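The letter at position 87 of the sequence shown is residue 115 when you use the working numbering, and the numbering goes up by one with no holes.
In what follows, a structure is listed as structure tokens, so that the remarks can point back to it.
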Amino acid sequence: MAFTGNFMCTSFKKELLEAKHDFTNSSGDTFKLALYDNTASFTAATTAYTTSNEISGTGYTAGGGTLTNVTPTTSSTTALTDFADLTFSTATITDARGALIYNTTAGSGSGTTNTVVVLDFGASKSSSAGDFTIVFPTADSASAIIRIA
Numbered sequence: 029m030a031f032t033g034n035f036m037c038t039s040f041k042k043e044l045l046e047a048k049h050d051f052t053n054s055s056g057d058t059f060k061l062a063l064y065d066n067t068a069s070f071t072a073a074t075t076a077y078t079t080s081n082e083i084s085g086t087g088y089t090a091g092g093g094t095l096t097n098v099t100p101t102t103s104s105t106t107a108l109t110d111f112a113d114l115t116f117s118t119a120t121i122t123d124a125r126g127a128l129i130y131n132t133t134a135g136s137g138s139g140t141t142n143t144v145v146v147l148d149f150g151a152s153k154s155s156s157a158g159d160f161t162i163v164f165p166t167a168d169s170a171s172a173i174i175r176i177a
């Protein structure tokens with residue numbers, strides 16, 4: 029099994045301290061989510077989007093879908109941000125095992141595909157000429173997709 033849980037990429041943590049990512053909704057960077065099969069190999073050291081083992085299918089374009097940022101906020105002592113759910117409409121996707129969220133904005137650092145997080149779906153997911161939706165967790169201090177406590 030290539031996916032081993034959800035994790036934040038180490039390069040992303042460093043780039044946060046260098047102010048290379050802007051999650052503000054109306055004026056921030058552009059983030060995308062790409063889908064991968066179970067032969068994809070990601071580690072915390074992953075630094076860039078790759079086409080290697082990216083899924084293909086009707087209704088899905090290489091590089092994935094563009095995410096809608098939710099402006100960062102705080103809850104108690106936790107800073108957090110989130111994305112709106114992402115739907116690949118009328119999609120035929122087979123065996124999507126996980127995803128990579130990455131920043132496509134040139135100002136984000138040393139390239140145009142700086143990684144943020146790797147998501148493990150826990151099992152392969154498919155759709156047949158239907159909606160394939162990535163549902164993000166509740167945007168709170170315990171569950172948001174990106175949170176710093």
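Cβ coordinates follow ideal geometry from the N, Cα and C atoms, glycine included.
Since the model is a prediction, treat every value here as computed from it, not as a measurement.
If you check the beta carbons only, do residue i and residue j fall under 9 Å apart?
| i | j | result |
| --- | --- | --- |
| I174 | L61 | no |
| M99 | T106 | For clarity, residue 99 is Thr in the given sequence; the question names Met instead. No, they are not a contact pair. |
| D57 | N131 | yes |
| D168 | S69 | no |
| K153 | F160 | yes |
| L81 | T101 | It should be pointed out that residue 81 corresponds to Asn in this sequence rather than to Leu. For N81 and T101, no; Cβs fall outside 9 Å. |
Is DSSP giving residue i helix, strand or coil here?
| i | result |
| --- | --- |
| L95 | coil |
| E82 | strand |
| S35 | Going by the sequence as given, residue 35 is Phe instead of Ser. Note: F35 maps to strand in three-state DSSP. |
| K42 | helix |
Work out the CA separation of residue j and residue i for me, nearest whole Å.
| i | j | result |
| --- | --- | --- |
| T120 | T86 | 5 Å |
| T166 | T133 | 26 Å |
| T143 | A151 | 22 Å |
| G91 | A177 | 30 Å |
| S84 | K42 | 31 Å |
| T10 | T78 | Residue numbering for the chain in the displayed model covers 29 to 177; residue 10 lies beyond these limits and cannot be assessed. |
| S156 | S55 | 35 Å |
Kindly list the residues whose CB is nearer than 7 Å to the CB of residue i, restricted to its own chain and excluding five residues on each side of it in sequence; keep chain order.
| i | result |
| --- | --- |
| Y88 | L63, F116, A119 and I121 |
| G93 | K60, L61, L114 and F116 |
| A72 | F35, C37 and T38 |
| D50 | G56 and D57 |
Tell me which residues share the same chain as residue i and place their Cβ nearer than 8 Å to its Cβ, disregarding the 5 neighbours each side in the sequence.
| i | result |
| --- | --- |
| D148 | F31, T32, G33, N34, R125 and G126 |
| T52 | N97, T99 and P100 |
| T141 | A76, Y77, Y130, N131 and T132 |
Whose C-beta lies closer than 6 Å to the C-beta of residue i among residues of the same chain, with five residues either side of it excluded?
| i | result |
| --- | --- |
| V145 | M36 and I129 |
| A172 | L108 and D110 |
| A112 | T96 |
Since residue i sits in a beta bridge, which residues does DSSP pair it with?
| i | result |
| --- | --- |
| T106 | S103 |
| K60 | T94 and Y130 |
| I121 | G85 and S155 |
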